[in-house]
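K.L.:
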Amino acid sequence: MSDSNIAIEQLFHDARTANGFLDKPVTDATLKKLYDTMKWAPTAANSSPARIVFVRQGDAREKLLSAMSPGNVDKTRSAPVTAILAYDSEFYEQLPKLFPHADARSWYVGNAAFANETAQYNATLQHGYFIIAARAAGLDTGPMAGFDKTKVDELFLSGTTWKSALVVNLGYGDPSKLFPRSPRLSFEEATKVIG
Ligand SMILES: Cc1cc2nc3c(=O)[nH]c(=O)nc-3n(C[C@H](O)[C@H](O)[C@H](O)COP(=O)(O)O)c2cc1C
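Mapped onto the working numbering, the consecutive letters of the sequence shown carry residue numbers 32 to 226.
In structure tokens:
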């Protein structure tokens with residue numbers, strides 16, 4: 032198989048959503064590699080609004096479990112690292128550094144609706160990039176929308192301009208806990224080619 036086919040298998044065809052994790056640690060170096068990969072993927076005006084809190088097992092994890100939906104508690108307990116994926120509602124304060132060739136900060140200051148839409152849309156893109164970058168770093172992920180955002184914000188993000196959006200378990204997946212693979216929509220069902 033060519034290198035590009037191996038990458039496609041690892042990132043998409045063979046990668047599964049983990050529902051439990053092996054007792055195998057994830058190093059800080061792996062977390063840094065993950066971030067240093069995802070950060071290069073594109074966002075509008077290079078706005079890069081995603082922010083991440085990595086929570087290891089221990090007291091902080093116990094606190095996080097109290098905000099997870101009941102069905103997400105056991106899998107979150109088993110993960111060596113759980114990431115709170117957030118966005119910075121004041122991401123535009125970084126634009127003089129991130130987009131130096133234009134005054135992009137002024138597009139958002141005083142326009143809360145546009146700023147909020149840009150923050151959430153681009154952070155969500157980056158959260159997808161996070162999952163793919165984690166797979167590229169050899170990790171399995173378990174993304175979860177089932178948690179209390181207000182509670183996570185109070186417990187982990189108070190005093191900041193960050194807001195939680197998704198929680199993702201990270202580690203080396205336990206194959207015995209996988210759900211059967213669900214089908215996907217076919218090319219014909221999900222696309223149109225026109226012109
Ligand atoms: C944004 C998002 C939110 C999800 N929320 C949950 C969740 O709260 N609980 C859960 O068990 N699985 C959750 N999932 C997992 C999906 O059900 C799973 O990724 C999907 O069925 C594909 O599974 P596969 O990668 O094994 O094919 C979520 C996935 C995503 C991307």
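For glycine and all other residues, C-beta sits at the position ideal for the given N, C-alpha and C.
When we look at the beta-carbon of Ile-225 and count the other beta-carbons within 10 Å, is it buried (16 or more) or exposed?
P.N.:
Burial check for Ile-225: the Cβ neighbour count within 10 Å stays below 16, so the residue is exposed.
K.L.:
Report yes if the C-beta of Leu-65 is less than 7 Å from at least one heavy atom of ligand 1; otherwise report no.
P.N.:
no
K.L.:
From Pro-206, Glu-121, Met-99, pick the residue whose C-alpha is nearest to that of Gly-177; which is it?
P.N.:
Cα-wise, what sits closest to Gly-177 is Met-99.
K.L.:
Among residues of its own chain, excluding the 5 on either side of Phe-145, which ones have a beta-carbon nearer than 8 Å to its beta-carbon?
P.N.:
Trp-138, Tyr-139
K.L.:
When burial is assigned at 16 or more other CB atoms within 10 Å of the CB, is Asn-103 buried or exposed?
P.N.:
buried
K.L.:
If you count every other CB in all the chains shown that lies within 10 Å of the CB of Ile-162, and 16 or more means buried, which is it?
P.N.:
buried
K.L.:
Looking at the structure shown, is Ile-39 part of a helix, part of a strand, or coil, going by DSSP?
P.N.:
helix
K.L.:
Just mark Asp-67 as buried or exposed, buried being the case when its beta carbon has 16 or more other beta carbons within 10 Å.
P.N.:
exposed
K.L.:
Rounded to whole angstroms, what is the Cα-Cα separation between Thr-61 and Lys-128?
P.N.:
26 Å
K.L.:
So, using beta-carbon positions, are Gly-51 and Ser-109 closer together than 8 Å?
P.N.:
yes
K.L.:
Using only the alpha-carbon positions, how far apart do Ala-143 and Pro-73 sit?
P.N.:
Roughly 22 Å between the two C-alpha positions.
K.L.:
Apart from the five residues on each side of it in sequence, which residues of its chain come closer than 7 Å, Cβ to Cβ, to Gly-165?
P.N.:
One point to set straight first is that residue 165 is Ala, not Gly, in the sequence displayed. So the list reads Leu-65, Thr-172, Leu-201, once near-sequence residues are dropped.
K.L.:
From Asp-157 to Thr-58, what distance separates their C-alpha atoms?
P.N.:
First, the residue type needs correcting, since residue 157 is Gln and not Asp in the sequence shown. Approximately 22 Å, taken between the alpha carbons.
K.L.:
How about Thr-155 and Ala-221: do their beta carbons lie closer than 8 Å?
P.N.:
no
K.L.:
Measure the Cβ-Cβ separation of Lys-194 and Leu-186 and say whether it is below 8 Å.
P.N.:
no
K.L.:
For Thr-48 and Ser-79, what's the separation of their Cα atoms in angstroms?
P.N.:
25 Å
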